[in-house]
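Engineer: Numbering-wise (our numbering), the sequence shown opens with residue 3 and increments by one. The beta-carbon is built from N, C-alpha and C at its ideal position, and this holds for glycine as well. Only a predicted model underlies this, so the values are computations on that prediction, with no experimental measurement involved. The structure that follows is given in the form of structure tokens.
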Amino acid sequence: MTAVPPTVPDGPPSAQDVRARLERLRARIVAAGGDPDVVTVLAVTKGHPAAVVDVARGAGLTELGENYAQELLAKVAWSEQHPASGGPARWHFIGHLQRNKVRQLAAHVALWQSIDRAELATEVARRAPGARVLIQVNATGEPQKAGCPVAQTTALVDHAGGLGLDVAGLMTVGPTDATVDPRPGFDVVRGLVDRLALSVCSMGMTDDLEVAVRCGSTMVRVGTALFGPRSTSLAVRD
Ligand SMILES: *Cc1c(COP(=O)(O)O)cnc(C)c1O
Numbered sequence: 003m004t005a006v007p008p009t010v011p012d013g014p015p016s017a018q019d020v021r022a023r024l025e026r027l028r029a030r031i032v033a034a035g036g037d038p039d040v041v042t043v044l045a046v047t048k049g050h051p052a053a054v055v056d057v058a059r060g061a062g063l064t065e066l067g068e069n070y071a072q073e074l075l076a077k078v079a080w081s082e083q084h085p086a087s088g089g090p091a092r093w094h095f096i097g098h099l100q101r102n103k104v105r106q107l108a109a110h111v112a113l114w115q116s117i118d119r120a121e122l123a124t125e126v127a128r129r130a131p132g133a134r135v136l137i138q139v140n141a142t143g144e145p146q147k148a149g150c151p152v153a154q155t156t157a158l159v160d161h162a163g164g165l166g167l168d169v170a171g172l173m174t175v176g177p178t179d180a181t182v183d184p185r186p187g188f189d190v191v192r193g194l195v196d197r198l199a200l201s202v203c204s205m206g207m208t209d210d211l212e213v214a215v216r217c218g219s220t221m222v223r224v225g226t227a228l229f230g231p232r233s234t235s236l237a238v239r240d
């Protein structure tokens with residue numbers, strides 16, 4: 003594990019900072035041609051202390067995302083002890099998901115964004131019948147990357163739907179190499195969302211959200227631009 007940079011604070015970011023950052027984020031979405039009523043902001047809280055939940059809820063963010071099962075469960079437990087005045091968050095699972103973590107997560111996840119293989123869809127359908135899911139697509143063809151190959155996406159959407167899951171749309175992560183243009187991959191995923199008559203197109207993060215919005219994203223998943231740099235040592239890894 004890499005050392006925590008000294009600039010990373012040990013507490014959550016302040017509510018005032020997050021509100022100001024959210025304003026700037028909305029302005030970026032608008033400047034890219036996005037309608038803030040159409041493009042949902044999923045606030046990615048990974049790597050921040052659990053109290054970030056309260057800060058996010060206080061800023062009006064209701065959809066929160068985590069990559070690791072243990073970290074999501076830790077934040078859910080904290081939130082149960084510290085109920086937010088605006089009501090509980092809706093949790094999205096956005097990381098690589100091991101099948102044996104599904105049971106523990108089932109009661110807490112509002113949208114499973116990283117369904118990328120048939121066995122995983124089957125397990126989610128078993129533990130959380132009728133759950134709302136996105137199929138994660140590997141649109142860049144990088145071999146190490148999570149996600150269903152583009153050519154198998156239709157079959158996986160059909161499989162998940164056949165299990166009774168509510169397949170709302172697709173999710174993708176841009177190229178790992180920041181010098182590679184994310185547009186071709188985003189165009190492919192948006193095209194699949196349209197062809198399959200789905201509604202949610204989850205793409206775009208802090209560094210590539212303008213391109214994603216221009217390509218038709220309906221949900222950007224943003225951590226750094228809202229909460230600042232992450233601490234790796236705070237994260238509860240699976
Ligand atoms: C961490 C993460 C994000 C947020 O990344 P930022 O660059 O901090 O905005 C979005 N999506 C996924 C799948 C992630 O793992």
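Kindly indicate which residue of Trp80, Ala53 and Glu121 has the alpha-carbon position closest to the one of Lys103.
Structural biologist: As a first step, residue 103 is located in the sequence shown; it is residue number 101 there, counting from the start. For the residues Trp80, Ala53 and Glu121, the minimum Cα distance to Lys103 belongs to Glu121.
Engineer: Just to confirm before moving on: does the CB-CB distance between Leu75 and Ala123 stay below 9 Å?
Structural biologist: Within the sequence shown, residue 75 is the residue found at index 73, counting from 1. Within the sequence shown, residue 123 is the residue found at index 121, counting from 1. No; because the gap between Cβ atoms is not below 9 Å, this pair is not in contact.
Engineer: Verify the contact flag: Val46, CB atom, against every heavy atom of ligand 1, threshold strictly below 8 Å.
Structural biologist: The count along the sequence shown starts at 1 and reaches residue 46 at position 44. It does: the Cβ of Val46 is within 8 Å (strictly closer) of some heavy atom of ligand 1.
Engineer: Pro184: which of Ala170, Leu200 and Val213 sits nearest, CA to CA?
Structural biologist: Here residue 184 refers to the residue found at position 182 of the sequence shown. Residue Val213 is the option with its Cα nearest to Pro184.
Engineer: Between the region 85-104 and the region 65-75, are three or more C-beta pairs nearer than 8 Å?
Structural biologist: At 8 Å Cβ cutoff, the stretches touch.
Engineer: Please state the DSSP three-state secondary structure of Met221.
Structural biologist: Here the question's residue 221 lines up with position 219 in the sequence shown. Residue state, collapsed to three classes: strand.
Engineer: Look at the Cβ atom of Ala91, then the Cβ atom of Ala58, and state whether they are nearer than 9 Å.
Structural biologist: Taking the first residue of the sequence shown as position 1, residue 91 is located at position 89. Taking the first residue of the sequence shown as position 1, residue 58 is located at position 56. Contact flag set, yes.
Engineer: Does the distance from the CB of Arg223 to the CB of Gly49 come in under 9 Å?
Structural biologist: The residue given as residue 223 occupies position 221 in the sequence shown. The residue given as residue 49 occupies position 47 in the sequence shown. No, they are not a contact pair.
Engineer: What number of angstroms, rounded off, separates the C-alpha of Leu136 from the C-alpha of Val195?
Structural biologist: For this step, residue 136 is matched to residue 134 along the sequence shown. For this step, residue 195 is matched to residue 193 along the sequence shown. The straight-line gap from Cα to Cα measures roughly 11 Å.
Engineer: Does the Cβ of Glu125 have 16 or more other Cβ atoms within 10 Å, making it buried, or fewer, making it exposed?
Structural biologist: Taking the first residue of the sequence shown as position 1, residue 125 is located at position 123. The residue is buried, with at least 16 neighbouring Cβ atoms inside 10 Å.
Engineer: In the structure shown, what three-state DSSP assignment does Arg92 receive?
Structural biologist: Taking the first residue of the sequence shown as 1, we reach residue 92 at position 90. Three-state result, Arg92: strand.
Engineer: What would DSSP say about Pro151, mapped onto helix, strand or coil?
Structural biologist: In the sequence shown, residue 151 corresponds to position 149, counting from 1. Of the three classes helix, strand and coil, the one that applies to Pro151 here is strand, per DSSP.
Engineer: Just to confirm, is the Cβ distance from Gly60 to Gly88 under 9 Å?
Structural biologist: The residue labelled residue 60 in the question sits at position 58 within the sequence shown. The residue labelled residue 88 in the question sits at position 86 within the sequence shown. Result yes, Cβ atoms of Gly60 and Gly88 sit closer than 9 Å.
Engineer: According to DSSP, is Ala53 helix, strand or coil?
Structural biologist: Against the sequence shown, residue 53 aligns to sequence position 51. Reduced to three states, the DSSP call for Ala53 is coil.
Engineer: If Pro14 and Val54 are in contact, beta carbons under 8 Å, what's the gap, nearest whole angstrom?
Structural biologist: Position 12 of the sequence shown, counting from 1, holds the residue named residue 14. Position 52 of the sequence shown, counting from 1, holds the residue named residue 54. Yes, Pro14 and Val54 are in contact; Cβ-Cβ is about 4 Å, under 8 Å.
Engineer: Buried or exposed for Gln115, going by 16 or more other Cβ atoms inside 10 Å?
Structural biologist: Stepping through the sequence shown from its first residue, residue 115 is reached at position 113. Looking at its Cβ environment, which holds 16 or more other Cβ atoms inside 10 Å, Gln115 is buried.
Engineer: Could you give the DSSP three-state label for Glu144: helix, strand or coil?
Structural biologist: For the purposes of this step, residue 144 is taken as the residue at position 142 of the sequence shown. If DSSP states are grouped into helix, strand and coil, Glu144 belongs with coil.
Engineer: How should Ala227 be labelled, buried or exposed, when 16 other C-beta atoms within 10 angstroms of its C-beta is the threshold for buried?
Structural biologist: Looking up residue 227 in the sequence shown gives position 225. By the neighbour-count rule (16 or more Cβ atoms within 10 Å), Ala227 is buried.
Engineer: Just to check, is the beta-carbon of Ile249 closer than 8 Å to a non-hydrogen atom of ligand 1?
Structural biologist: Residue coverage of the chain in this structure runs from 3 to 240, which leaves residue 249 outside it and unanswerable.
Engineer: Could you compute how far the alpha carbon of Arg26 sits from the alpha carbon of Ala33?
Structural biologist: Taking the first residue of the sequence shown as 1, we reach residue 26 at position 24. Taking the first residue of the sequence shown as 1, we reach residue 33 at position 31. Their Cα atoms are separated by approximately 10 Å.
Engineer: Go through its chain and collect everything with a Cβ distance to His110's Cβ below 8 Å, but skip five positions before and after it.
Structural biologist: For this step, residue 110 is matched to residue 108 along the sequence shown. Excluding sequence neighbours, His110 sits near Leu74, Leu75, Val78 and Trp93.
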